[in-house]
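Residue numbers (this note's numbering): 66 to 709.
Take a look at the structure:
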């Protein structure tokens with residue numbers, strides 16, 4: 066006799082689930098998600114597969130079934146994803162100078178943490194300040210991805226209603242490919258939707274976002290972007306040739322391309338950068354008649370216009386008469402034609418007896434060509450090239466990234482944007498930090514000062530991976546080291562002087578707020594016992610933690626220079642120092658010491674910074690704290706003073 070341990074009792078087949086499977090096979094468009102009221106609680110919603118009976122009725126009816134219709138794109142969890150994007154958080158970014166490079170001088174940022182929360186924290190400091198965003202989000206491959214937002218439903222609970230496991234608790238292989246299951250579309254759409262809502266706020270009015278995506282998710286992504294950025298701001302769906310050879314183990318067709326969706330914040334205020342003409346394009350411009358205006362090429366003189374006055378005879382220098390071909394007319398009106406003829410802007414061939422064409426001088430056409438939508442690997446690189454780039458910089462990481470992006474691809478995208486010298490480029494799915502590498506490389510071309518912000522979840526490396534064995538515990542470890550080495554490499558290889566090239570970065574890590582979760586009722590804040598209240602700042606927080614926490618609260622960028630000095634026995638921090646000669650005040654002055662004497666407060670006030678901040682424990686009593694505000698009213702009435 067055999068004894069079964071840890072097994073659930075045998076159950077009868079789930080006939081409802083089987084019936085839904087049968088309907089799904091016939092009418093897959095009628096399968097949807099619905100709330101499982103039996104398993105759901107007020108705090109936790111559970112969903113199961115269901116049938117859209119209204120749509121099923123229509124599928125089975127030869128006539129139009131009554132009911133309201135509207136074009137919409139929705140999924141289970143869409144409203145929750147919007148709520149999640151708008152929900153406030155009690156988090157901060159803690160500075161890590163010891164993991165940074167050139168902390169004091171750099172304006173680049175590398176931030177470790179869940180990008181949804183990081184994007185929330187950056188809303189004030191970088192609102193409307195980012196010129197370009199590039200992201201390569203996790204593709205929806207039918208497997209869980211590591212962005213467990215609160216609105217994503219539990220895997221086991223969802224599987225109970227989908228039949229992913231059979232009655233014995235084993236994987237139902239007939240349903241193993243659950244890429245089409247609503248849960249995965251819902252999860253993925255919710256994940257990307259909330260993040261794009263926040264990302265759009267950071268884009269400048271003339272900013273643009275590029276998003277890499279594959280066939281599985283491009284349709285969902287495009288619909289999400291159409292809602293968030295507006296369909297009118299769609300620029301293009303670029304096709305990048307990521308591979309150069311078929312894979313013989315593919316069952317159907319090898320996908321040798323990915324897409325890159327391009328959306329402008331405001332298409333009326335954005336235009337792509339014209340691309341340089343290659344040598345083959347320039348070879349088309351010649352000067353066979355020695356025209357003093359220089360080299361030229363010729364263009365078709367006809368068009369499909371139906372306007373009056375565009376059908377007339379043109380006589381060539383040889384005396385041959387030409388009329389426009391059937392179905393077309395001359396593009397210029399007769400008066401314009403006469404002007405072109407008098408200015409020697411028509412070309413009839415070297416013998417003067419060919420169909421007339423119009424001269425187009427190189428000096429008179431726009432300085433470059435309009436970009437095209439296909440990005441060939443010969444110009445923009447491919448996945449294998451990207452892997453070689455990574456391994457050459459970090460020899461020990463092996464194949465830690467399945468589909469990294471090559472630097473040439475990011476350089477191409479950067480060159481599609483009319484970037485100014487100090488623009489900010491953001492990548493909040495940083496991965497191997499190719500975007501940072503490309504920004505530094507672009508700056509070497511013209512000694513530019515464009516800045517990058519990289520955001521990456523500290524996803525652990527597989528302990529069996531080569532990267533982990535080489536000392537890289539997380540994806541962030543790989544990204545940071547890649548930037549360090551890539552920066553030195555681009556500096557060494559640059560043909561220009563790169564003394565001012567910024568190849569550093571400040572590291573910040575997402576953490577709980579600097580303040581304790583301590584609240585007092587209104588009556589507890591009496592003047593008599595205010596000094597007796599417990600400090601509301603956590604014991605492990607440093608001056609630097611508090612300083613940069615204040616920057617986020619006040620909406621100041623995290624990349625400005627600062628200095629620390631002694632005034633009396635107190636340490637005083639000046640962030641974004643001003644210029645007294647130009648009447649530019651310091652952005653912020655902070656002092657977090659205990660028992661700050663009045664002479665130090667007066668010295669800070671006399672400098673008239675835009676903002677000043679102290680901690681509550683800087684003052685021994687309530688009267689001393691009140692005196693601080695009186696001192697600033699006297700010496701610096703325009704300074705915004707805060708006590709934390």
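Ideal Cβ placement from N, Cα and C applies to all residues, glycine included.
Around the beta carbon of residue 346, fewer than 16 other beta carbons lie within 10 angstroms, which makes this residue exposed. Distance from the Cα of residue 100 is smallest, within the candidate group 91, 506, 611 and 115, for 115. Counting other Cβ atoms within 10 Å of its Cβ, residue 537 reaches 16 or more and is therefore classed as buried. Setting aside the 5 residues that flank it on each side, residue 476 is surrounded in the same chain by 503, 506 and 507, each with a C-beta closer than 7 angstroms to its C-beta; the list follows chain order. Here residue 628 is exposed. Its C-beta has fewer than 16 other C-beta atoms within 10 Å. Measuring C-alpha to C-alpha distances from residue 692 to each of 361, 614 and 666 identifies 666 as the nearest. At a Cβ-Cβ threshold of 9 angstroms, residue 112 and residue 103 do not count as neighbours.
Under the three-state reduction of DSSP, residue 552 is assigned to helix. Pairing residue 528 with residue 539, the inter-Cα distance amounts to about 10 angstroms. The beta strand (DSSP E) runs lying completely inside the region 352-426 and spanning 3 residues or more are 361-365 and 422-426, given in chain order. Here DSSP, grouped into helix, strand and coil, assigns residue 517 to strand. DSSP places residue 485 outside both helix and strand once states are collapsed to three, so it counts as coil. For residue 625, the number of other beta carbons within 10 angstroms of its own is below 16, and it is reported as exposed. Contact check for residue 303 against residue 438 passes: the beta carbons are separated by less than 9 angstroms. Rounded to the nearest whole angstrom, the CA to CA distance from residue 361 to residue 341 is 17 angstroms. Note that the region 146-160 does not touch the region 285-305; fewer than 3 beta-carbon pairs, one per stretch, sit closer than 8 angstroms.
For residue 506, no pairing in a beta bridge is given by DSSP. Taking C-alpha positions only, residue 393 is separated from residue 419 by approximately 18 angstroms. By the C-beta criterion, the region 403-421 is judged not to be in contact with the region 438-450, since fewer than 3 inter-stretch pairs fall below 8 angstroms. Cβ-Cβ distances below 6 angstroms link residue 707 to 678 in the same chain, with the five nearest sequence neighbours on each side left out; the list follows chain order. Secondary structure note for residue 471: it is in no alpha helix (DSSP H), with a DSSP letter that is neither H nor E. Residue pairing of residue 99 in beta bridges, as defined by DSSP: 113.
Per the C-alpha coordinates, the member of 411, 119, 199 and 265 positioned closest to residue 498 is 199.
A buried status is given to residue 521, since no fewer than 16 other beta-carbon atoms sit within 10 Å of its beta-carbon.
Scanning 618, 338 and 545 for the CA closest to the CA of residue 484 turns up 338. Secondary structure of residue 326 (DSSP, three-state): strand.
Annotated as proximal: residue 264 and residue 491, with beta-carbon spacing under 9 angstroms.
Burial state of residue 318 is exposed, judged by a 10 Å Cβ sphere holding fewer than 16 other Cβ atoms. The residues 378, 379, 380, 381, 420 and 421, in chain order, have a CB closer than 8 angstroms to that of residue 387 in the same chain once the five nearest residues on each side in sequence are set aside. Within its own chain, the residues whose Cβ lies closer than 6 angstroms to the Cβ of residue 487, once the five positions on either side in sequence are excluded, are 514, listed in chain order. Under the 10 Å beta carbon count, residue 631 is surrounded by fewer than 16 other beta carbons and is classified as exposed.
Contact between residue 158 and residue 517 is absent: CB atoms are separated by about 16 angstroms, not below the 8 angstroms threshold. The C-alpha of residue 177 is placed about 11 angstroms away from the C-alpha of residue 571.
Taking C-beta separations shorter than 8 angstroms and ignoring five residues to either side along the sequence, the partners of residue 370 in its chain run 394 and 396, following chain order. Per the C-alpha coordinates, the member of 203, 266, 357 and 133 positioned closest to residue 192 is 266. With 16 or more neighbouring CB atoms inside 10 Å of its own CB, residue 470 falls in the buried class.
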